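Peer 1: Dropping a structure here in structure tokens format, bear with me for questions.
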Amino acid sequence: MASFQCGGYRPTNRSFRLERDTKGGRGAGIRCRVLRIESLEERALLNVAGLSDGGLPLYGPLGDPSGSVTTQGDAALRADMVRQSAGGYTGAGVKIGVLGDSVNRFGGGLAASQATGDLPANVMVLREGPASGVMDQGRAMLEVIHDVAPGAELVFRSGAWGELDLARAIHELADAGCDVIVDGTSYWTEPALADGPVAQAIDHVVNVHGVAYFSAAGNAGAMVYEAVFGDGQPAEWDTSVNYAAGRNLHDFDPGPGVDVTLSVAVPSQARLVLQWDQPWYTPGQPVSNFDLYAFDGAGNLAASSTDDNAALRAPVESVMLGPGTYEVQINHVSGPEAVHLKLWAAQGEVTFGEYPQEAGRGTIGGHAAAAGAATVGAAPYAGYGAGQIEPSSGRGPATVYLDGHYDRLVIPQMRAKPNFAAPDGGNTTFFGADDQDADTWPNFYGTAAAAAHAAAVAALLLQQRPTLSPRQLYEVLADTAADQGTPGWDPVYGAGTIDAWAASSAIAQPANYPDTLGPRAGEFSVPERSARPVDRFTVWFDEKLDPLSAEDPGNYELRAWGPDERFGTGDDILVPLAISYDERMRSVAVDPVGVLGP
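In terms of numbering that gives the first Met the number 0, the sequence shown opens at residue 0 and continues consecutively.
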């Protein structure tokens, strides 16, 4: 990550402009070779104009899916048309990393899929999954990808070794040279209201290494309850339950009445999860302690979660529920009460029977909510693009209250997730169960299948235009998606259902999504963040270019502009500035007159 250090500078709703310096001397402002400005270290969002990438398409041989089985999602996406076009794009030259449970723990494993031609012989496995509790979903994802992008190189890394290891796995796939990473793994212990370790790993590989990341939206459907904790009346306490000290039940009723229970119907089995907006993994945090209780139809305590949250350093409680209807309670044990609560089913299906879902609340969370990820919902291949979505497909938007340091954001970030939807339910050689289609092959349903389809389409596009940045890939897929549901982005489909042929056609025009061979002028604005000075600007260099050998280095100024007058010019800007990369990259230095060298 390249960061301009600017000690004590305090932007307040001001705009900044990156301009070519024509003076040739010290000039006004900071002159440096910058290719794209994305964000502030303090996580303020910047609106960037005029800083874009582009290039000419490269052409490869014709190619078609091989093997005994082909996912029906291939034709639904119109990816077959991309492979059969004059360019014959197959994903050749593109490396895709897959994060799943396992590839060699079920049935005949990789060898079985390779023997039928449904996977190539050269699949690289960085780490296999555990010996139990897995079912080779990762291999099914690889089969889907190989159907759609048969020329792509495939790498697998298990994500089933825990949340922190999943973050490590993302870095390992980036280090292995993957151009695209896709996951079908999530943990209910991931922060749902903050950017946790996995989300931060995603943002790092996207912004620093230029890897396009596709994340499954999850299969939690639409049922979620969110509210600020509200005091229930003492008379509503259930004296038959041994509540923890400091008992104080949450009032679910948003009106003048009091209701300290939420009716939850579970048709099969589900894990109900409660989280709140306080720091994770931090000594002495969270400062508030909550417990979760579920009572059966007879009023008996069916399940409870009463962890010491500060000892765990985790603001989370969860209960596993079997079939039935339950009355759920949230008990405040200690610490501040004014916290934002989120309750949803991380596993299985539930229905909340009493209070309607509020607009702006979504089940998508954890790393699927990462700003750098393209989050993919699932639409059935049958009738794809005709206004259908899987009921279990995770809904948005995702709201983040704490940044990656677990500092509270002045204004919570509401992220437009999912980005788009892709097909699921296609055939594999072994994974899933046969549905009502004409064949007898098992069908792979869920957002992991959808994300695999989307990642494979990205490989086709990257072969066609290798210079596309991750954000350009996301943009072209969204721009060319078939709009579904509410016009424009919506929390069910995102931008719509991906259309591989439309995306390929769009980037075939060089004027669309153009590359930059050097810096381009642009503007961005910094909102008022807090009373504290903003002491670091984060500037990302183009992932495809070396900042010390850009073809159009030039001299550029970073100038500050106010609403009515120019400010921060010349010596008014606090200098010197320094550029520093993360530990995997070399360091360079920048002063007010340009790059000094490595």
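C-beta atoms are modelled at their ideal positions from N, C-alpha and C, and glycine is treated no differently.
Source: prediction; values computed, not measured.
Under the three-state reduction of DSSP, which class applies to residue 208: helix, strand or coil?
Peer 2: Along the sequence shown, read from residue 1 onward, the residue named residue 208 stands at position 209. Residue 208 falls in the coil class under three-state DSSP.
Peer 1: Around the C-beta of residue 407, are 16 or more other C-beta atoms found within 10 angstroms, so that it is buried, or is it exposed?
Peer 2: Numbered from 1 along the sequence shown, position 408 holds the residue referred to as residue 407. With fewer than 16 Cβ atoms within 10 Å of its Cβ, residue 407 is classed as exposed.
Peer 1: Where does residue 485 land, buried or exposed, given buried means 16+ other C-beta within 10 angstroms?
Peer 2: Here residue 485 refers to the residue found at position 486 when the sequence shown is read from its first residue. So residue 485 counts as exposed.
Peer 1: First and last residue of the beta strand (DSSP E) that includes residue 398?
Peer 2: By 1-based counting over the sequence shown, the position of residue 398 is 399. That run of the beta strand (DSSP E) goes 397-401.
Peer 1: Just mark residue 410 as buried or exposed, buried being the case when its beta carbon has 16 or more other beta carbons within 10 Å.
Peer 2: Numbered from its first residue, the sequence shown carries residue 410 at position 411. Answer is exposed; the Cβ neighbour count stays below 16.
Peer 1: Take the Cβ of residue 376 as the centre, count every other Cβ of all protein chains shown within 10 Å, and call the residue buried at 16 or more, exposed below.
Peer 2: Counting from one through the sequence shown, the residue named residue 376 turns up at place 377. Per the 10 Å Cβ criterion, buried.
Peer 1: Could you tell me whether the stretch 71-79 touches the stretch 376-392, using the rule of 3 or more Cβ pairs below 8 Å?
Peer 2: yes
Peer 1: Looking only at its own chain, which residues have a Cβ that is under 7 Å from the Cβ of residue 202, when we skip the five neighbours before and after it?
Peer 2: Sequence index remark: in the sequence shown, residue 202 carries index 203 (1-based). So the list reads 369, 370, 371, once near-sequence residues are dropped.
Peer 1: Among the residues of its own chain, which have a CB less than 8 Å from the CB of residue 286, if the five just before and after it don't count?
Peer 2: Residue 286 sits at position 287 when you count from the first residue of the sequence shown. Around residue 286: 277, 309, 334, 335.
Peer 1: Along the chain, where does the alpha helix (DSSP H) that runs through residue 192 open and close?
Peer 2: Counted from its first residue, the sequence shown places residue 192 at position 193. First-last for residue 192: undefined, no H or E at that position.
Peer 1: Give the secondary structure of residue 473 by DSSP, where H, G and I count as helix, E and B as strand, and everything else as coil.
Peer 2: Translated into the one-based positions of the sequence shown, residue 473 becomes position 474. Helix.
Peer 1: Compare the C-alpha of residue 104 against each of 93, 127, 83, 86 and name the closest.
Peer 2: Position 105 of the sequence shown holds residue 104. For residue 104, the nearest C-alpha among the options comes from 127.
Peer 1: At the 8 Å Cβ level, is residue 451 part of the contact set with chain D, yes or no?
Peer 2: Among the protein chains of the structure shown there is no chain D, as only one such chain exists.
Peer 1: Which value, in whole angstroms, describes the spacing of the CA atoms of residue 324 and residue 280?
Peer 2: The count along the sequence shown starts at 1 and reaches residue 324 at position 325. The count along the sequence shown starts at 1 and reaches residue 280 at position 281. In this structure, the straight-line span from the alpha carbon of residue 324 to that of residue 280 is close to 34 Å.
Peer 1: Can the beta-carbon of residue 181 be found closer than 8 Å to that of residue 451?
Peer 2: The sequence position of residue 181 within the sequence shown is 182, counting from 1. The sequence position of residue 451 within the sequence shown is 452, counting from 1. Their beta carbons are under 8 Å apart, which means residue 181 touches residue 451 by this criterion.
Peer 1: Give the secondary structure of residue 140 by DSSP, where H, G and I count as helix, E and B as strand, and everything else as coil.
Peer 2: Position 141 of the sequence shown, counted from the start, is the residue given in the question as residue 140. Three-state result, residue 140: helix.
Peer 1: Taking all protein chains shown into account, do 16 or more other C-beta atoms lie within 10 angstroms of the C-beta of residue 316, making it buried, or fewer, making it exposed?
Peer 2: The residue you call residue 316 lines up with position 317 of the sequence shown. That one is buried.
Peer 1: Check the C-beta distance from residue 220 over to residue 360 and give it rounded, since I have them as a contact under 8 Å.
Peer 2: In the sequence shown, counting from the first residue as 1, residue 220 sits at position 221. In the sequence shown, counting from the first residue as 1, residue 360 sits at position 361. Not really, about 13 Å apart at Cβ, beyond 8 Å.
Peer 1: Once you ignore the five residues that flank residue 123 on each side, which residues in its own chain have a CB closer than 6 Å to its CB?
Peer 2: Translated into the one-based positions of the sequence shown, residue 123 becomes position 124. Counting only Cβ-Cβ distances below 6 Å, and skipping sequence neighbours, we find 154.
Peer 1: Tell me the rounded alpha-carbon separation between residue 84 and residue 174.
Peer 2: Taking the sequence shown and counting its residues from 1, one reaches residue 84 at position 85. Taking the sequence shown and counting its residues from 1, one reaches residue 174 at position 175. When rounded, the distance between both Cα atoms is 32 Å.
Peer 1: Given a threshold of 16 other Cβ atoms within 10 Å of its Cβ, counted over all protein chains shown, does residue 146 qualify as buried or as exposed?
Peer 2: Walking along the sequence shown from the start, residue 146 turns up at place 147. With 16 or more other Cβ atoms within 10 Å, it is buried.
Peer 1: Could you check how far apart the C-beta atoms of residue 273 and residue 329 are, in whole angstroms? I think they sit under 8 Å.
Peer 2: Residue numbering aside, residue 273 sits at position 274 when the sequence shown is read from its first letter. Residue numbering aside, residue 329 sits at position 330 when the sequence shown is read from its first letter. Confirmed, Cβ separation roughly 6 Å.
Peer 1: Taking the C-alpha atoms as reference points, what is the distance between residue 603 and residue 428?
Peer 2: The question about residue 603 has no answer, for the chain in this structure spans 0 to 597.
Peer 1: To the nearest angstrom, report how far apart residue 399 and residue 69 are at their CA atoms.
Peer 2: As a first step, residue 399 must be located in the sequence shown, where it is residue number 400. As a first step, residue 69 must be located in the sequence shown, where it is residue number 70. Annotation: residue 399 to residue 69 spans about 38 Å, alpha carbon to alpha carbon.
Peer 1: Taking only the alpha-carbon atoms, compute the straight-line gap between residue 299 and residue 343 and give it to the nearest angstrom.
Peer 2: The sequence position of residue 299 within the sequence shown is 300, counting from 1. The sequence position of residue 343 within the sequence shown is 344, counting from 1. Near 22 Å, if we compare the C-alpha coordinates of residue 343 and residue 299.
Peer 1: With DSSP as the reference, label residue 363 as helix, strand or coil.
Peer 2: On the sequence shown, position 364 is the one that residue 363 refers to. It is coil, neither helix nor strand.
Peer 1: Alpha carbon to alpha carbon, what distance is there between residue 419 and residue 498?
Peer 2: Along the sequence shown, read from residue 1 onward, the residue named residue 498 stands at position 499. Along the sequence shown, read from residue 1 onward, the residue named residue 419 stands at position 420. Near 10 Å, if we compare the C-alpha coordinates of residue 419 and residue 498.
Peer 1: Do residue 331 and residue 289 come within 8 Å of each other at the CB atom, strictly closer than that value?
Peer 2: Start at 1 with the first residue of the sequence shown, and residue 289 comes out as number 290. Start at 1 with the first residue of the sequence shown, and residue 331 comes out as number 332. Yes.
Peer 1: By the three-class DSSP mapping on this structure, what secondary structure does residue 389 have?
Peer 2: On the sequence shown, position 390 is the one that residue 389 refers to. Looking at residue 389 - three-state DSSP - the assignment turns out to be coil, as it is neither helix nor strand.
Peer 1: Does the distance from the CB of residue 347 to the CB of residue 269 come in under 8 Å?
Peer 2: Translated into the one-based positions of the sequence shown, residue 347 becomes position 348. Translated into the one-based positions of the sequence shown, residue 269 becomes position 270. Taking 8 Å as the Cβ cut-off, residue 347 and residue 269 qualify as a contacting pair.
Peer 1: Quick test of the definition: if touching needs 3 or more C-beta pairs under 8 Å, does the stretch 132-151 touch the stretch 453-461?
Peer 2: Yes, since at least three Cβ pairs between the stretch 132-151 and the stretch 453-461 fall closer than 8 Å, the two stretches touch.
Peer 1: Keeping to the same chain, check which residues put their C-beta closer than 6 Å to that of residue 151; ignore five residues upstream and five downstream.
Peer 2: The count along the sequence shown starts at 1 and reaches residue 151 at position 152. Excluding sequence neighbours, residue 151 sits near 90, 93, 95, 458.
Peer 1: Can you tell me which of the three DSSP states residue 123 falls into?
Peer 2: Within the sequence shown, numbered from 1, the residue matching residue 123 stands at position 124. Residue 123: strand per DSSP, three-state reduction.
Peer 1: By a C-beta neighbour count over all protein chains shown, 10 Å radius and 16 as the cutoff for buried, is residue 247 buried or exposed?
Peer 2: As a first step, residue 247 must be located in the sequence shown, where it is residue number 248. Buried: at least 16 other Cβ atoms inside 10 Å.
Peer 1: Can you give me the C-alpha to C-alpha distance between residue 312 and residue 185, rounded to a whole angstrom?
Peer 2: Counting from one through the sequence shown, the residue named residue 312 turns up at place 313. Counting from one through the sequence shown, the residue named residue 185 turns up at place 186. Residue 312 and residue 185: Cα-Cα distance of roughly 19 Å.
Peer 1: I need the DSSP call for residue 48, collapsed to helix, strand or coil.
Peer 2: Residue mapping note: residue 48 aligns to position 49 of the sequence shown, counting from 1. With a pLDDT of 24 at residue 48, under the threshold of 50, the predicted position of this residue should be treated as unreliable, though the coordinate-derived value follows. DSSP places residue 48 in strand when its eight states are reduced to three.
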